[in-house]
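**Q**
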Amino acid sequence: MTEATLTTTAASPTVRQMWTRTRGITLALVLLLVGAVAIAVVRSDARHGELDPRSADPYGSRAVAELLADRGVATRVVNTLDEARAATGPDTTLLVAVPDLLTERQQTRLRSATTGSGGRTVLVAPGGAAVERLAPGVTADPALSFDSTLAPACDLPAARRAGDADTGGIRYSTHLEADACYPSRRLATLLRIPDPSAKSSAEGTPGDTVVLGARDILFNNHLDEHGNASLALQLLGSRDHLVWYLPSLSDVPAPDDERSFFDLLPSGWLWGTLQLFIAAALAALWRARRLGPLVPERLPVAIRASETVEGRARLYRKANARDRAATALRSATRTRLAPLVGVPVTQAQTPESLLPALSAHLHGTHGDGTHGDGQSPHALLFGPPPGDDAALIALADQLDALEREVRRP
């Protein structure tokens, strides 16, 4: 193999070749990114003002606020924990729109403010960690309700008057004395837990905490369905004032109150990830080829030897495998030299058999056992691997010169 051949085979793929190979994948990724951006832009306003009593969007709650205003209940929106804590009182209903957005410390502080206030606290769809801090003694079940519309099945007057309602969502269990309503598979989707530690001066009844498993009864586009409006008005209109707590960016927690990455992940992420791994393993097992012996197959076309050499050279170059390239060059040279010096091919790779016969056929051999370029046959045919690409090219040239010298008549 000549220096020109090695230089050609060791060349890396050109930019054009790399673009030709990857343009399909690149185009698919670009289209996927453009599609994602387009969907995000189209749906950016789909839930604008969600659970906001000032929003008339489908997922806003302005309709509830308007109906409460007709009944003399004033609704005030607050966006910070301090405002929500200051607003608690016996004549106030505090609605926490998104309890899961609060940090652990914020949830604990809010619970301490509502306990004993004599008012009502309504928690909208709190998750497992949030409900355990905001309503101690209540546990959220990981499995959601199959049905959205459920029957009251309890003695709570508000639920009995409202009838069926869209409370199906998170299901809760508790060991406390509570009104458990709208059950789904024996677990309630609405709980009312009384707080006997304080009395409401406005109503003469104990303060309480209402845990609601779904947001649907508060949305504008669901308020006129089933008994949603009746249930929402009774839960939120039992006091003269309604404070609607919507956590915002201005409600920045203290530096030591920041949540970790795992706290930001939704509940059930571990089981979801495990299911993905199991599904991927099953898919790989389903698609994997059956293991067995290799089956030789005739190629449909003839491949030139130069193309095979160039392909192997590129692989060696990519893997930086100069030692293997040198071994292949030396082994091929020994195999070709053996018949020329009268050594069986089976002994071509043995220095004790090949080198004595080779020395007898070399022309111009010096007394120290070297030939014209100063390299001994042993160093050329059985020496150490080259240290760099230049040494590999030089080795190829020297092996080629040695073979020509042996073939010289």
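If you use the numbering used here, the sequence shown closes out at 390, no skipped numbers anywhere.
We treat Cβ as the ideally placed atom computed from N, Cα and C, and that holds for glycine.
1) I'd like to confirm the pairing. Which residues does DSSP put opposite valine 45 in its beta bridges?
2) Measure the alpha-carbon distance for leucine 373 versus leucine 361 and round it to whole angstroms.
3) According to DSSP, is serine 182 helix, strand or coil?
4) Return the chain-ordered list of same chain residues with a C-beta closer than 7 Å to the C-beta of aspartate 33, the five sequence neighbours on each side being excluded.
5) Within a Cβ cutoff of 8 Å, which residues of the same chain sit near serine 165, ignoring the five residues on either side of it in sequence?
6) Can you find the residues in the same chain that come closer than 8 Å, C-beta to C-beta, to leucine 214, ignoring five residues on each side of it along the sequence?
7) Please confirm if the region 138 to 147 is in contact with the region 191 to 202, defined as three or more CB-CB distances below 8 Å between the two stretches.
8) Distance check for aspartate 304 and leucine 12, CA to CA, integer angstroms please.
9) According to DSSP, is threonine 61 part of a helix, a strand, or is it coil?
10) Mapping the DSSP letters down to three states, classify tyrosine 40 as helix, strand or coil.
11) Where do the ends of the alpha helix (DSSP H) carrying leucine 91 lie?
12) If I measure Cβ to Cβ from glutamate 288 and keep anything under 7 Å in the same chain, skipping five residues before and after, which residues do I get?
13) Along the beta strand (DSSP E) that carries valine 103, what are the first and last residues, could you check?
14) Let me confirm a value: histidine 156 is counted as buried when at least 16 other C-beta atoms fall within 10 Å, else exposed. Which label applies?
15) With 16 as the cutoff for other CB atoms within 10 Å, does serine 219 come out buried or exposed?
16) Alpha carbon to alpha carbon, how far is leucine 216 from arginine 173?
17) Starting from alanine 306, trace the alpha helix (DSSP H) in both directions and tell me its first and last residue.
18) Under a Cβ-count criterion, where at least 16 other Cβ atoms within 10 Å of its own Cβ denotes burial, should arginine 268 be classed as buried or exposed?
19) Which residues does DSSP pair with isoleucine 174 in a beta bridge?
20) Output the boundary residues of the alpha helix (DSSP H) element that contains leucine 383.
21) Out of Gly118, Tyr163, Val192, state which residue places its alpha-carbon closest to the alpha-carbon of aspartate 136.
22) In this structure, does DSSP put histidine 203 in helix, strand or coil?
23) Under the three-state reduction of DSSP, which class applies to serine 340: helix, strand or coil?
24) List the endpoints of the continuous beta strand (DSSP E) containing proline 164.
25) Determine the direct distance from the alpha carbon of arginine 389 to that of proline 325, and round the result to whole angstroms.
26) Within the present structure, is the beta-carbon of proline 175 separated from the nearest heavy atom of the ligand SAM by less than 6 Å?
27) I'd like to check one pair, glutamine 87 with alanine 111: are the Cβ atoms closer than 7 Å?
28) I'd like to know if the region 311 to 327 and the region 374 to 389 are in contact, where contact means that at least 3 CB-CB pairs between them fall below 8 Å.
29) Alpha carbons only, please: which of Pro177, Pro133, Leu76, Arg285 is nearest the one belonging to arginine 196?
30) Per DSSP, which one or two residues make a beta bridge with histidine 222?
**A** Once the coordinates are examined:
1) For the purposes of this step, residue 45 is identified with residue 64 of the sequence shown, where counting begins at 1. Valine 45 is not bridged to any residue.
2) Counted from its first residue, the sequence shown places residue 373 at position 392. Counted from its first residue, the sequence shown places residue 361 at position 380. The straight-line gap from Cα to Cα measures roughly 11 Å.
3) Here residue 182 is taken as the residue at index 201 of the sequence shown, counted from 1. Note that serine 182 scores 42 on pLDDT, short of 50, meaning its location in the model is unreliable; the coordinates nonetheless yield the value given after this. In the structure shown, serine 182 sits in coil (DSSP, three-state: anything other than H, G, I, E or B).
4) What you label residue 33 is simply residue 52 of the sequence shown in a count that begins at 1. For aspartate 33, where only same-chain residues beyond five positions count, the Cβ hits under 7 Å are Gly41, Ser42, Leu227.
5) What you label residue 165 is simply residue 184 of the sequence shown in a count that begins at 1. Once the five neighbours on either side are set aside, the close Cβ partners of serine 165 are Ser126, Phe127, Asp128, Leu131, Gly149, Arg152.
6) Taking the sequence shown and counting its residues from 1, one reaches residue 214 at position 233. Here the set comprises Val45, Leu48, Leu49, Arg52.
7) yes
8) Taking the sequence shown and counting its residues from 1, the one referred to as residue 12 is at position 31. Taking the sequence shown and counting its residues from 1, the one referred to as residue 304 is at position 323. Each residue's Cα considered, the two are about 44 Å apart.
9) Translated into the one-based positions of the sequence shown, residue 61 becomes position 80. Note: threonine 61 maps to coil in three-state DSSP.
10) Stepping through the sequence shown from its first residue, residue 40 is reached at position 59. The answer is coil: DSSP assigns tyrosine 40 none of H, G, I, E or B.
11) As a working note, residue 91 is residue 110 in the sequence shown. Where leucine 91 is concerned, the enclosing alpha helix (DSSP H) stretches over 85 to 95.
12) As a position in the sequence shown, residue 288 is number 307, starting the count at 1. There are no such residues.
13) Counted from its first residue, the sequence shown places residue 103 at position 122. From DSSP, the beta strand (DSSP E) with valine 103 extends over 101 to 105.
14) Numbered from 1 along the sequence shown, position 175 holds the residue referred to as residue 156. So histidine 156 counts as exposed.
15) To locate residue 219, count along the sequence shown from 1; it is residue 238. Serine 219 is buried by the Cβ-count criterion.
16) To locate residue 216, count along the sequence shown from 1; it is residue 235. To locate residue 173, count along the sequence shown from 1; it is residue 192. Distance between the alpha carbons of leucine 216 and arginine 173 is about 10 Å.
17) Locating residue 306 in the sequence shown gives position 325, counting from the first residue. Taken as a continuous stretch (DSSP letters only), the alpha helix (DSSP H) holding alanine 306 covers 303 to 321.
18) Here residue 268 corresponds to residue number 287 of the sequence shown, with the count starting at 1. Flag for arginine 268 reads exposed.
19) Here residue 174 is taken as the residue at index 193 of the sequence shown, counted from 1. For isoleucine 174, which the question treats as bridged, DSSP gives the partners Thr190.
20) Working through the sequence shown from its first residue, we reach residue 383 at position 402. Element bounds for leucine 383: 370 to 388.
21) Your numbering for residue 136 matches position 155 in the sequence shown. For the residues Gly118, Tyr163, Val192, the minimum Cα distance to aspartate 136 belongs to Tyr163.
22) Taking the first residue of the sequence shown as 1, we reach residue 203 at position 222. Three-state result, histidine 203: coil.
23) To locate residue 340, count along the sequence shown from 1; it is residue 359. Three-state result, serine 340: helix.
24) Counted from its first residue, the sequence shown places residue 164 at position 183. Per DSSP, proline 164 belongs to the beta strand (DSSP E) from 160 to 165.
25) For the purposes of this step, residue 325 is identified with residue 344 of the sequence shown, where counting begins at 1. For the purposes of this step, residue 389 is identified with residue 408 of the sequence shown, where counting begins at 1. In a straight line, the C-alpha of proline 325 is about 20 Å away from that of arginine 389.
26) For the structure depicted, the ligand SAM is absent and the ligand set is empty, with no information on it obtainable.
27) As a working mapping, residue 111 is identified with position 130 in the sequence shown. As a working mapping, residue 87 is identified with position 106 in the sequence shown. The answer is no: Cβ separation not under 7 Å.
28) yes
29) As a position in the sequence shown, residue 196 is number 215, starting the count at 1. Arginine 196 has its Cα closest to that of Leu76, out of Pro177, Pro133, Leu76, Arg285.
30) Position 241 of the sequence shown, counted from the first residue, corresponds to residue 222. According to DSSP, which records beta bridges pairwise, histidine 222 is partnered with Ala55, Thr73.
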